[in-house]
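K.L.:
My questions will all concern the structure given below.
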Amino acid sequence: MNDTIWTIELKIFRQRADAQRYFQTFQIEINPDEYVLDAIEKVWAFHDRSLTFRHACHHSTCGACGMLVNGIEKLTCITSIRSVTQNNGKLLIEPLRNFPVLSDLVVDTSSMFKALEEIGFNQVASLPSACLPYERKTLEHERSEYQRLVDCIECGMCISACPVSLTDSNYLGPAVLAAAHDASSQPLSNKILEIVDSRDGLWRCHNAFECSAVCPSNVEPGLRIMKMRQTVIAHRIKKLFSRG
0 MNDTIWTIEL KIFRQRADAQ RYFQTFQIEI NPDEYVLDAI EKVWAFHDRS LTFRHACHHS
60 TCGACGMLVN GIEKLTCITS IRSVTQNNGK LLIEPLRNFP VLSDLVVDTS SMFKALEEIG
120 FNQVASLPSA CLPYERKTLE HERSEYQRLV DCIECGMCIS ACPVSLTDSN YLGPAVLAAA
180 HDASSQPLSN KILEIVDSRD GLWRCHNAFE CSAVCPSNVE PGLRIMKMRQ TVIAHRIKKL
240 FSRG
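Under numbering that gives the first Met the number 0, the first residue of the sequence shown is numbered 0, with each subsequent residue one higher.
Below, the structure written as structure tokens:
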């Protein structure tokens with residue numbers, strides 16, 4: 000990191016509960032090789048401690064800091080200032096789309112996790128069954144009940160970018176359908192088939208591939224949805240011939 004310092008302007012979305020939405024502008028000095036999340040943290044530390052946002056790992060593994068940066072979904076912890084603006088430039092920071100805003104840049108992604116659980120991707124073990132350091136009673140087969148889509152960090156950015164999710168709140172969304180595709184490597188349950196082979200599932204996707212464009216982990220949810228469609232069609236044909 001060099002010693003260059005830029006002055007940039009951050010225009011940040013603000014909203015508390017159901018209060019009126021507005022944008023607040025801050026000017027900060029920052030090294031352009033630092034990240035957008037660093038700039039937001041400087042706003043919180045030196046300008047306004049009431050600003051709310053999520054962050055955790057700072058190296059793109061937790062998915063907590065996904066936001067809109069100049070209208071595009073980004074993981075702010077790995078998006079450098081230099082890559083999205085210039086000296087004396089401006090940055091527009093907004094919460095992810097297609098999720099309810101809880102406070103400022105924090106959105107409620109619970110609908111995504113509930114849908115993941117419906118297709119068998121339980122994200123978190125309950126406290127009684129958790130494998131705590133002082134009580135290692137959980138067996139291997141019990142731990143296997145809790146899984147995740149390989150490489151997906153559950154950031155929700157694919158849903159934010161999805162034009163169908165914008166217009167249809169019942170749509171399962173790319174993250175969930177990509178997880179269903181991962182599950183299709185095993186014998187598909189009737190429950191998963193019923194969920195994905197529906198108007199609000201695979202067939203609602205418009206093949207925009209915006210989800211794949213913003214995915215920070217190269218999960219390719221758009222491609223997975225197309226492959227899952229092939230799996231479902233093959234299942235339909237097999238079922239038809241088995242009846243015959």
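A virtual CB, placed ideally from N, CA and C, is assigned to each residue, including glycine.
Is it buried or exposed for A18, if we count other Cβ within 10 angstroms and need 16 for buried?
P.N.:
exposed
K.L.:
Would you kindly work out how many angstroms separate the C-alpha atoms of I232 and L36, rounded to a whole number?
P.N.:
43 angstroms
K.L.:
Using 8 angstroms for Cβ pairs, my map puts Q23 next to R15. What's the rounded Cβ distance?
P.N.:
Here Q23 is actually not in contact with R15; their C-beta atoms are around 12 angstroms apart, not less than 8 angstroms.
K.L.:
Does the pairing of the region 160 to 175 with the region 211 to 228 give three or more beta-carbon distances under 8 angstroms?
P.N.:
yes
K.L.:
Would you kindly report the start and end of the unbroken beta strand (DSSP E) that includes R244?
P.N.:
Nothing in the structure corresponds to residue 244, since the chain is present only between 0 and 243.
K.L.:
Can you grab the Cα-Cα spacing for the pair R230 / F45, in whole Å?
P.N.:
Contrary to the premise, residue 230 reads as Thr rather than Arg in this sequence. When rounded, the distance between both Cα atoms is 53 angstroms.
K.L.:
Would you grab the beta carbon distance between E33 and I80 for me? Rounded to a whole angstrom, and I think it's under 8 angstroms.
P.N.:
6 angstroms
K.L.:
In the DSSP assignment, find the unbroken beta strand (DSSP E) run with G65 in it and report its ends.
P.N.:
65 to 68
K.L.:
So what does DSSP say about L101, is it helix, strand or coil?
P.N.:
In this structure, L101 counts as strand in the three-state DSSP scheme.
K.L.:
Are there three or more Cβ pairs, one per stretch, closer than 8 angstroms when the region 150 to 162 is compared with the region 48 to 67?
P.N.:
yes
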